[in-house]
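Trainee: Here you go, one structure.
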DNA sequence: AATGGGTTTAACCAAGTGGTTGGCAAAGAT
DNA sequence: ATCTTTGCCAACCACTTGGTTAAACCCATT
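Residue numbers (our numbering), protein chains in the order written: chain U, 1 to 204; chain W, 205 to 408.
Here it is as structure tokens:
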């Protein structure tokens, strides 16, 4: 039997669906059981409590996101290349997992202490290398002076916000589902240009 | 008796607290009643149902946010001035209402149709004037070519994200509450510069 | 003092809620 | 063949949920 067919995995799969679309408070154990096609008692048999099942789903989701961040932080390419690659890759990734950013941001806000449990994990993104690279490119005259933290938050903001605020942005810009998708797709390049334009010194 | 002391207003006030920090699903009618210091039956007496009380709170919150957006969209100043003013004003405003962005974004995601109820309201932000201004400044050579929708979303993203993703950003940049506040405060100017740098043509 | 409408309350209710239990059947283990 | 473990389920449980109700309480008008 494949791993994907075990009851335990079917539960996690169904729980992911329900928790990510309805959040911890809105999710119902019965709905998860129904979606997994098993008895509700099994949820507790394998995961003991709603809280623990939720944490399993959350850690799973975060472990999907973290490598996306590490990609930009830990490789050796130039800041410009990092930004271009990240902006394109991240957007593609999010188009495949549209619930993910909202789920994570939201549940972290609901329980701020929760992130402490993640910090211990190996693989939690670390900015040091990125900062060093930014500072050295500034010294070399490739980039205009900018605080690396600020730049990093700007990169995140421009990439994540269109997914977080999708309903709002859709309404404000009067786009339907199809044109919103095209809008986000074009941001893969637009956002990178926008950032680079701002931080790169003009070539003499 | 002042308006602020009526039972109806006390309920709305308490409901705002609870709904904004716990969301629709996490909020409890009993907690709202307790916080307002009145009997739970009064909530239904004045607002009939949890759903309607929630909608009252939500519309109230949105009507606080909408003018902030309209400020940048509807005045006659240059795009640069709009951006500088908005970035500073919006950040100040959000520091006073930290739960607001998350509440709105979140509940709009929970129920996409909900925004339709707001769209009808007069005062729902309209981008037309902003777009016209952007296009005319591009034609005048003040700005580099950029799609006005993209620019608008970038402005929103850079301003709102630090509030939406506060727990995540705090953890990633390893800032405590105090230094995070300073970080956000400095963005009032940093973000405006970041945007202007990117879109303004270099002066010959 | 009696009336009557708006306001407030304690007590209540039906429908869920997460979680538990005891037993059952198939699969190993002895 | 018998015992033990594992996976599974229907039924159940204590408790919470949003919402209701009928009676009380004010307080201005008569």
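For each residue, glycine too, the CB sits at the ideal point set by N, CA and C.
1. Closer than 9 Å, Cβ to Cβ, to anything on chain U: give me those residues from the segment 370-403 of chain W, in chain order.
2. Count the other CB atoms within 10 Å of the CB of residue 118 of chain U; is the residue buried (16 or more) or exposed (fewer)?
3. If contact means a Cβ-Cβ distance below 7 Å, which residues of the segment 12-40 of chain U contact chain W?
4. Is residue 404 of chain W helix, strand or coil by DSSP?
5. Any residues in the segment 328-342 of chain W with a beta carbon nearer than 9 Å to a beta carbon of chain U? Which ones, in chain order?
6. Give a yes or no on whether 8 Å exceeds the smallest Cβ distance from residue 52 of chain U to chain W.
7. Which residues in the same chain as residue 174 of chain U place their Cβ atom closer than 8 Å to its Cβ, once the five residues preceding and following it in sequence are excluded?
8. Roughly how many whole angstroms lie between the Cα atoms of residue 231 of chain W and residue 338 of chain W?
9. What whole-angstrom Cβ distance do residue 400 of chain W and residue 287 of chain W have, given they're in contact under 8 Å?
10. Output, in chain order, the set of chain U residues within a Cβ distance shorter than 7 Å of residue 316 of chain W.
11. Going by beta-carbon coordinates alone, are residue 357 of chain W and residue 169 of chain U separated by less than 8 Å?
12. With residue 288 of chain W as the anchor, note down where its alpha helix (DSSP H) starts and where it stops.
13. Would you decide whether residue 299 of chain W is buried or exposed? Buried here means 16 or more other CB atoms lie within 10 Å of its CB.
14. Please determine, among W:312, W:369, W:347 and W:316, the residue with the shortest C-alpha to C-alpha distance to residue 104 of chain U.
15. For residue 365 of chain W and chain U, any beta-carbon pair shorter than 8 Å?
16. Does DSSP put residue 143 of chain U in a helix, in a strand, or in coil?
17. Would you verify that the beta carbon of residue 267 of chain W is, or is not, closer than 8 Å to some beta carbon of chain U?
18. Whole-angstrom Cβ separation of residue 201 of chain U and residue 142 of chain U, contact assumed at under 8 Å?
19. Grab me the residues of residue 258 of chain W's own chain with a C-beta within less than 7 Å of its C-beta, minus the 5 sequence neighbours each way, in chain order.
20. Comparing alpha-carbon positions, which option in U:43, U:112, U:115 and U:140 lies nearest residue 79 of chain U?
21. From this set, W:398, W:292 and W:310, which residue's C-alpha is nearest residue 148 of chain U's C-alpha?
22. Could you work out which residues of chain W lie near residue 105 of chain U, taking near to mean beta carbons separated by less than 7 Å?
23. Return the chain-ordered list of same chain residues with a C-beta closer than 8 Å to the C-beta of residue 265 of chain W, the five sequence neighbours on each side being excluded.
24. Tell whether a beta-carbon distance below 8 Å holds between residue 275 of chain W and residue 262 of chain W.
25. Are the CB atoms of residue 123 of chain U and residue 41 of chain U nearer to each other than 8 Å?
26. So what's residue 316 of chain W in DSSP terms, helix, strand or just coil?
27. Are the beta-carbon atoms of residue 38 of chain U and residue 6 of chain U separated by less than 8 Å?
28. Quick check: the Cα distance between residue 333 of chain W and residue 157 of chain U, rounded to an integer number of angstroms?
29. Assign residue 107 of chain U to buried or exposed, taking buried as 16 or more other Cβ atoms, counted over all protein chains shown, within 10 Å of its Cβ.
Mentor: Let me spell this out:
1. 370, 371, 372, 373, 374, 375, 376, 377, 378, 379, 387, 390, 391, 394, 395, 397, 398, 399, 400, 401, 402 and 403
2. buried
3. Of all residues in the segment 12-40 of chain U, only 23, 25 and 26 place a beta-carbon less than 7 Å from a beta-carbon of chain W.
4. strand
5. Within the segment 328-342 of chain W, 328, 329, 330 and 331 place their CB atoms closer than 9 Å to a CB of chain U, listed in sequence order.
6. no
7. none
8. 42 Å
9. 6 Å between Cβ atoms; contact.
10. 167
11. yes
12. 283-300
13. exposed
14. W:369
15. yes
16. strand
17. no
18. The pair is a contact, with the Cβ atoms about 7 Å apart (cut-off 8 Å).
19. 223 and 228
20. U:140
21. Selected option, being the one with the closest Cα: W:398.
22. 368, 369 and 372
23. 220, 224, 304, 307 and 308
24. no
25. no
26. coil
27. no
28. 25 Å
29. buried
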